[in-house]
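Asks: Using numbering that gives the first Met the number 0, you'd call the opening residue of the sequence shown number 0 and step up by one each time.
Dropping the structure in here first, questions after.
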Amino acid sequence: MTSTRPLPRGISSLIPNAQLLHLRSATVPVPVLAAAAELIAAQLEDPDPATREAAGAVHAPLLAAVEDAAPGVL
């Protein structure tokens, strides 16, 4: 019998879910943070207010992390 469950992808394929629950911080390269901020920035002008609010809540900490890690990168 073959399993129809999809294989884990992304970080879940590297770290079991139980261990992810205890994860409090992670190290991410600055270019990855900058790319994420750039992708989310497009949603800051979305017509849906909930989308704009969610994008802003994520975008601001990403920009702060990039600036803290590498001042003058953006």
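Note that CB positions come from ideal geometry on N, CA and C, so glycine has one too.
Considering just the uninterrupted stretch of the alpha helix (DSSP H) at T50, what are its terminal residues?
Replies: Note, T50: alpha helix (DSSP H), 48 to 68.
Asks: Note down the Cα distance separating E37 from V57, rounded to an integer number of angstroms.
Replies: One C-alpha to the other measures close to 11 Å.
Asks: CB-CB under 8 Å to G55, same chain, minus the five flanking residues each way: which ones, in chain order?
Replies: Taken in chain order, the residues that qualify are L43.
Asks: So what's V31 in DSSP terms, helix, strand or just coil?
Replies: DSSP places V31 in helix when its eight states are reduced to three.
Asks: Quick check on DSSP: helix, strand or coil for A25?
Replies: Of the three classes helix, strand and coil, the one that applies to A25 here is coil, per DSSP.
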